[in-house]
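Only one structure is covered here, and it is reproduced in the block below.
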Amino acid sequence: MNRLLLLLGMLLTSTAYAQTKMASPALVKLIEGITSKTFTPDTTVAGLSDEAIAVVTKEPIANWSLPQTPSPQLSYQNLIVGKQSYRLVVVKNPQASLPVATLLHYTTAEDKPTIMARGTLQPKKE
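Mapped onto mature numbering (1 follows the signal peptide of the UniProt record, and there is no 0), the consecutive letters of the sequence shown carry residue numbers -18 to -1, 1 to 108.
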């Protein structure tokens, strides 16, 4: 019984690992350009289409909205391309030393967002 549970746990862990991959270099460069900080990705959705990545990385950074800060711990910026929209959310947790950035993709206004990339932001070293 214990072997069966161990095998099941290993199978589920390997399946979850296979569903995530590191962010594409284009997304890393985009987030670094928007935030002016070094982005270290930790999560990307494996099912993300190359078309979605191409659309968001093709748009100039100047087309992103100005940062909105509803609270000192939260800021976000939006980009709308046709019916699709993208949102970069930066959360500064008081207990964490580094803020976390999450790039979201909305295919339509009614859909739930898809995470394109998530990771930490660090000050750029000059």
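Positions of the beta carbon are idealized from the N, C-alpha and C atoms, including for glycine.
Below 8 Å on the Cβ atoms is my contact criterion, and I expect residue i with residue j to pass it. Report the Cβ-Cβ distance as a whole number of Å.
i   : j    : result
Q59 : L70  : 5 Å
T22 : Q104 : 7 Å
L9  : T39  : 7 Å
K74 : T90  : That belief does not hold up - the Cβ atoms of K74 and T90 are roughly 30 Å apart, past 8 Å.
S67 : L61  : 7 Å
V63 : T17  : Going by Cβ atoms, the distance from V63 to T17 rounds to 19 Å, so no, they are not a contact pair.
Can you tell me which residues form a DSSP beta bridge with residue i?
i   : result
S57 : V72
A99 : L85
T26 : T26 is not bridged to any residue.
T20 : Q104
R50 : A small fix is needed here, since residue 50 is Gln in this sequence, not Arg. Q50 pairs with Y58.
Q66 : V63
Measuring straight from C-alpha to C-alpha, what distance separates residue i and residue j?
i    : j    : result
S6   : W46  : 20 Å
K106 : K19  : 5 Å
S79  : D93  : 33 Å
I13  : G101 : 10 Å
A34  : V82  : 22 Å
P95  : T26  : 13 Å
Q50  : E108 : 27 Å
G15  : P42  : 10 Å
L48  : S57  : 10 Å
D24  : M98  : 11 Å
S31  : Y88  : 13 Å
Just verifying my parser: in three-state terms, what is the DSSP assignment at residue i?
i   : result
P7  : helix
D93 : coil
A78 : coil
E41 : coil
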